[in-house]
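Engineer: Numbering (this note's numbering), first residue to last: 48 to 126. For glycine and all other residues, C-beta sits at the position ideal for the given N, C-alpha and C. This one's a predicted model, so the numbers in the text were calculated from it and none came from an experiment.
Structure below.
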């Protein structure tokens with residue numbers, strides 16, 4: 048994969064939620080504990096990889112939520 052020059056420093060994906068889910072990923076930014084603690088010492092390549100992983104985790108969560116939603120039967124209307 049070719050590298051892209053970054054003109055601005057990569058910003059932390061933190062959204063200020065800072066709560067871990069049952070798998071240990073932050074509910075707001077989807078980073079692991081290690082990724083959150085080491086963000087300041089990572090180089091841009093490492094940060095880009097973490098951002099890629101976060102997007103992947105978000106998409107996985109959204110697909111899972113959609114699947115669960117599709118499986119739930121609709122309640123019949125009373126009217």
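Can you give the Cα-Cα distance for residue 101 and residue 107, rounded to whole angstroms?
Structural biologist: 10 Å
Engineer: Following the continuous alpha helix (DSSP H) through residue 159, name the residue where it begins and the one where it ends.
Structural biologist: Here the chain has residues from 48 to 126 only, and residue 159 is not among them.
Engineer: Can you look up residue 61 in the DSSP assignment and give me helix, strand or coil?
Structural biologist: coil
Engineer: Can you give the Cα-Cα distance for residue 96 and residue 89, rounded to whole angstroms?
Structural biologist: 10 Å
Engineer: On the CB-based measure, 16 or more other CB atoms within 10 Å of its CB, does residue 99 come out buried or exposed?
Structural biologist: exposed
Engineer: Excluding the 5 residues preceding and the 5 following residue 75 in the sequence, name in chain order all residues of the same chain whose CB lies nearer than 6 Å to its CB.
Structural biologist: 62, 64
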